[in-house]
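Novice: Position one of the first sequence corresponds to residue 91 (this note's numbering), numbered consecutively onward.
Glycine is no exception: its CB is placed at the ideal position from the N, C-alpha and C atoms.
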Amino acid sequence: MRGKEVFYPIGWDDNGLATERRVQNYYGISCDPALPYQPDPELPGPDRPASSRSARIPVSRRNFIELCRELTERDERAYEEAWRRLGLSVDWSTSYRTIEDAPAAVSQRAFLRALADGDAHQAQAPVLWDVTFGTAVAQAEIEDRELPGSYWRLAFGLAGTAAGPRSEILVATTRPELLPACVALVAHPQDQRYRDLVGTAATTPLFGVSVPILAHHLADPAKGTGIAMVCTFGDTTDVTWWRDLGLATRPVLGPDGRLLAEPPEAITSPAGRAAYAELAGLTARAARKRAAELLDAAGALRGAAEPVTHPVKFYEKGDAPLEIISARQWYVTNGSSDPRLRQQLLDRGRELTWHPPHMRVRYENWVNGLTGDWLISRQRYFGVPIPVWYPLGADGTPDYGSPITPADDALPVDPMADTPPGYSAGRRDVPDGFTGDRDVMDTWATSSLTPQIAGGWPADDDLFARVYPMDLRPQAHEIIRTWLFYTVLRSQVLEDVLPWQHAAISGWILDPDRKKMSKSAGNVVTPTDLLHEYGTDAVRYWAASARLGVDTAFDVAQLKIGRRLGVKILNATRFVLGFTPPAEPAGPAGPARADAPVTEPLDLAMLERLADVIRRCTAAFGDYDQASALEFAEQFFWQFCDDYLELVKPRAYAAGHDEAAAGSAVTALRCALSMLLRLFAPLLPFVTEEAWSWWQEGSIHRAPWPRPEELPFDPASAAAPLSAAASSPGAIALEGQRADGAGLDAASAAIGAIRKAKSQARLPLRSEVARVIVRGRQEELDVLASVIGDVVAAGHVAQIEMIPADSEIAYEVKF
RNA sequence: GGGUGCAUAGCUCAGCGGUAGAGCACUCGCCUUACAAGCGAGGGGUCACAGGUUCGAAACCUGUUGCGCCCACCA
């Protein structure tokens with residue numbers, strides 16, 4: 091409507107663990123990569139009742155991915171239907187799915203570019219691991235949840251003279267099952283209680299392993315007994331201590347979340363090995379209970395277990411606490427260990443215009459709090475494969491340090507199916523042959539490239555040059571640290587540019603009790619029923635009232651009001667179009683046209699007010715504040731209907747008596763209607779399109795945005811007589827003269843006073859009024875005088891008298 | 001613990017230096033030549049609390065309390 095070409099792409103982010111879980115639950119299956127492909131698998135089907143994980147039917151990797159594609163496609167069709175019905179003005183002809191070849195190729199190309207530039211690397215390192223999904227996860231996808239737990243106080247043995255009078259040392263832990271993984275005890279260097287012990291060793295109860303007692307500033311004297319047990323790995327602090335203090339590695343937890351079959355080598359005593367055998371194969375949770383029992387039986391517990399509630403790290407879509415295990419993974423540089431890149435990212439955050447501005451703080455918090463590079467590899471199936479192979483040595487061991495990369499024009503590749511350059515297919519997984527990387531990339535590794543994917547990078551140079559960098563990223567606040575941050579990161583690294591100038595950060599829709607909607611809480615309101623019951627425009631009306639950055643409670647009352655507004659627009663349009671245009675019919679669709687001169691002061695005043703509304707709406711939209719734009723338009727529209735239409739009705743109907751006065755009214759009505767419909771069009775697209783179609787050509791959504799300059803004033807008769815009140819703040823310059831809408835307000839106030847008198851007298855509004863006396867200051871009476879004819883007619887007033895007085899304007903109504 | 005936002009009528013929210021606002025809900029009235037899925041009128045608020053700035057504070061500053069969110073926090 092503003093005359094610009096808009097590139098508004100839409101895509102489906104269909105990869106990821108959320109999809110895999112939905113597919114598992116929907117079909118009652120699980121993926122087993124060891125199984126062969128079944129062309130026509132027998133599936134339990136969607137009607138199968140929710141089953142335990144063990145009851146799921148295992149299917150091959152290829153079958154699993156096929157089902158993921160199938161179900162996401164079906165889900166996406168349902169979404170598209172809902173969004174089309176919502177009137178989203180995205181360009182459906184350019185939509186993409188991140189799992190399709192073109193986006194996958196973009197994703198792989200960006201990865202290979204990062205690899206070539208040294209921005210992607212592998213490392214064998216401790217990672218946060220979801221034991222249910224069996225994959226590593228990234229820092230951005232972790233959340234804390236409060237869980238109940240217990241403190242156990244374990245007695246570690248002290249040997250030798252350094253121990254002095256003490257023979258044991260108490261260590262509090264919430265995870266006794268990790269005792270076999272213990273590699274050290276750590277106290278704060280200033281802590282007097284343990285100072286003399288630092289540098290000596292203690293012996294773990296039950297397992298009889300000697301561990302050093304060390305000092306580190308991260309040890310908190312106030313927690314537990316002030317001395318912490320360091321394990322491989324109980325939490326991220328353990329990892330820090332392990333690194334800083336150069337500690338041994340004694341893993342006991344496997345990728346499935348169960349204790350490994352064999353104890354760490356450090357456990358050598360028969361008693362220790364016997365104790366470990368009691369724990370082997372148990373889940374961490376079960377092992378915790380068993381370990382506490384064993385410790386109790388061995389007399390190594392001091393005092394009763396103390397219940398606590400503590401925060402535990404979870405994958406945000408996971409059901410079991412994350413564990414930390416050591417694994418080889420792929421990482422992408424994100425500024426955590428590169429001060430220059432970190433500063434560049436912070437600078438980009440300041441370059442970006444945030445709506446609302448304070449959302450930038452979340453971004454900065456996140457960038458400043460990054461603790462490691464971006465872990466992008468996932469040990470899953472439905473995702474874009476990491477596009478590398480590894481050469482195998484003579485003994486069949488992969489050489490991870492020399493990844494084999496595909497040719498650029500071969501992308502996308504699946505290293506598990508495709509053969510790398512320089513090899514034949516037969517040399518897969520044989521000595522001196524090759525093996526494919528079996529991991530896929532984090533879903534954000536692809537969705538962080540949405541500007542590149544939508545913009546045709548790098549194949550369509552012309553499109554890319556025209557649309558990138560883009561203007562706007564609309565998204566919600568919970569994915570600032572993922573979608574927004576990763577997108578800024580990729581554009582910084584790939585193009586050294588900010589991917590868009592503006593970020594419009596929406597809040598959430600909360601349930602009517604202001605609680606977050608969630609499937610498990612059962613308080614989700616889905617839009618489809620609402621769209622059917624209240625209509626799209628009503629739903630959009632409610633949604634548009636939500637300002638950026640502010641969470642909004644779902645409110646059916648707002649839908650009803652929106653629907654009422656839509657109905658009112660149709661009725662008002664019908665009313666206005668019921669009057670015959672005074673002269674030639676309006677020309678081509680578009681700006682309102684003067685069919686007859688607008689000469690009557692009330693009509694001029696109304697249009698002047700409307701011009702001001704247009705200015706304010708336009709400014710609000712420019713400020714990403716659609717809620718204010720709607721409010722301004724709506725407020726004016728109701729005054730237009732309730733006061734102006736009623737005031738002007740008698741004059742407009744009286745076409746036979748005073749053609750000029752009637753013509754002025756009808757022209758003003760049609761002009762205002764045209765502008766109002768266009769003002770509402772972006773927010774209420776369907777009802778305005780319908781009303782527009784009754785009298786205009788073409789779609790209202792391609793009509794020009796209304797401008798005050800369209801006002802059909804006849805310069806010869808413009809609003810000169812509108813009194814001294816024209817110096818008020820609302821005054822506008824028009825055709826070289828000053829005018830404002832004071833006449834409309836004066837007439838509204840006058841008809842309001844008359845209505846009030848009738849209401850208080852319990853009389854119908856159409857009843858006759860014998861006499862109205864108005865007292866007020868001369869200048870106010872002058873304004874009123876200019877529109878008094880319309881007031882008298884609309885109020886059915888027989889006689890009106892205006893008496894100058896040195897007081898606020900007041901009305902006396904006599905029947 | 002650090003950060004950030006919010007607190008205004010019964011409800012949902014505007015207002016952000018100049019006499020407290022809207023819609024809904026509530027009460028009363030009205031079939032009025034667009035609309036009874038409508039129209040008109042009315043009642044209803046120490047603007048969380050305490051200081052300060054100012055001629056003047058709901059608004060600006062400081063602090064307090066409560067709620068939400070972000071980050072950190074698993075011994």
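Taking Cβ to Cβ, would you say leucine 372 is nearer than 8 Å to arginine 340?
Specialist: no
Novice: Who are the Cβ neighbours of alanine 318 in its own chain at under 6 Å, not counting the five residues just before and after it?
Specialist: Val276 and Ala309
Novice: Look at the alpha carbon of proline 123 and the alpha carbon of phenylalanine 472, and state the distance between them as a whole number of angstroms.
Specialist: 12 Å
Novice: For tryptophan 182, count neighbouring C-beta atoms within 10 Å of its own C-beta (all shown protein chains included) and say buried if the count is 16 or more, exposed if not.
Specialist: exposed
Novice: CB-CB under 7 Å to alanine 744, same chain, minus the five flanking residues each way: which ones, in chain order?
Specialist: Ala752
Novice: Per DSSP, which residues does isoleucine 863 bridge with? Please list them.
Specialist: According to DSSP, isoleucine 863 bridges with Glu891 and Glu902.
Novice: Using CA coordinates, which residue listed in His307, Lys313, Ile232 and Asn661 is at the minimum distance from tryptophan 242?
Specialist: When only C-alpha atoms are compared, the closest one is Lys313.
Novice: Just to confirm the assignment, what range does the beta strand (DSSP E) spanning lysine 403 have?
Specialist: 396-405
Novice: Answer with buried or exposed for serine 818, where buried requires no fewer than 16 other C-beta atoms within 10 angstroms of its C-beta.
Specialist: In this prediction, serine 818 scores a pLDDT of 33, lower than 50, which makes its location untrustworthy; no coordinate-derived value is stated.
Novice: Given this structure, state the Cα-to-Cα distance separating glycine 612 from leucine 584, to the nearest angstrom.
Specialist: 43 Å
Novice: Does DSSP put threonine 109 in a helix, a strand or coil?
Specialist: helix
Novice: With DSSP collapsed to three states, give me the class of valine 217.
Specialist: strand
Novice: Tell me the residue span of the beta strand (DSSP E) that contains arginine 235.
Specialist: 232-248
Novice: Mapping the DSSP letters down to three states, classify leucine 268 as helix, strand or coil.
Specialist: helix
Novice: Apart from the five residues just before and just after alanine 823, which ones in its own chain have a Cβ nearer than 8 Å to its Cβ?
Specialist: Low per-residue confidence applies at alanine 823: pLDDT is 35, beneath 50, and the placement is therefore not dependable enough to give any value.
Novice: Look at the alpha carbon of tyrosine 127 and the alpha carbon of arginine 151, and state the distance between them as a whole number of angstroms.
Specialist: 7 Å
Novice: Using CA atoms only, rank isn't needed, just tell me which of Glu869, Gln868, Ile841 and Arg865 is closest to valine 859.
Specialist: For the residues Glu869, Gln868, Ile841 and Arg865, the minimum Cα distance to valine 859 belongs to Ile841.
Novice: With 16 other CB atoms within 10 Å as the buried threshold, where does histidine 445 fall?
Specialist: buried
Novice: Can you give the beta carbon distance from arginine 380 to leucine 369, rounded, assuming they're within the 8 Å contact cut?
Specialist: 6 Å
Novice: Identify whether alanine 145 lies in helix, strand or coil by the three-state DSSP scheme.
Specialist: helix
Novice: Checking 8 Å against the spacing of the C-beta atoms, do leucine 337 and valine 273 come in under that value?
Specialist: yes
Novice: Which whole runs of the beta strand (DSSP E) in the region 307-335 are 3 residues long or more, in chain order?
Specialist: Every unbroken stretch of the beta strand (DSSP E) spanning 3 or more residues and falling wholly within the region 307-335 is given here in chain order: 317-321.
Novice: Compute the distance between the beta-carbons of proline 564 and valine 578, then report whether it is under 8 Å.
Specialist: Cβ distance not < 8 Å, so proline 564 and valine 578 don't count as in contact.
Novice: Please confirm whether proline 671 and arginine 556 have their CB atoms less than 8 Å apart.
Specialist: no
Novice: Go to tryptophan 632, then tell me how far its alpha helix (DSSP H) extends in each direction, as first and last residue.
Specialist: 626-634
Novice: DSSP three-state call for methionine 560: helix, strand or coil?
Specialist: strand
Novice: Excluding sequence positions up to five away, which residues of its chain have a Cβ less than 7 Å from the Cβ of histidine 306?
Specialist: Val276, Trp331, Asp334 and Leu335
Novice: DSSP three-state call for methionine 531: helix, strand or coil?
Specialist: strand
Novice: Considering only residues of the same chain and omitting the five flanking positions on each side of glycine 239, which have a CB-CB separation below 6 Å?
Specialist: Thr264, Val398 and His400
Novice: Compute the Euclidean distance between the alpha carbons of alanine 843 and arginine 741, then round it to the nearest angstrom.
Specialist: 20 Å
Novice: Starting from arginine 468, follow its DSSP beta bridges and name the residues at the other end.
Specialist: Among the bridge pairs identified by DSSP, arginine 468 is matched with Val530.
Novice: Helix, strand or coil, according to DSSP, for threonine 572 in the structure here?
Specialist: helix
Novice: Taking three-plus beta-carbon pairs below 8 Å as touching, is the region 360-369 in contact with the region 434-448?
Specialist: no
Novice: Inspect the beta-carbon positions of arginine 664 and alanine 628 and report whether they are closer than 8 Å.
Specialist: no
Novice: Could you tell me whether the region 192-206 touches the region 530-539, using the rule of 3 or more Cβ pairs below 8 Å?
Specialist: yes
Novice: Based on the DSSP output, what are the partners of tryptophan 420 in its beta bridges?
Specialist: Gln212
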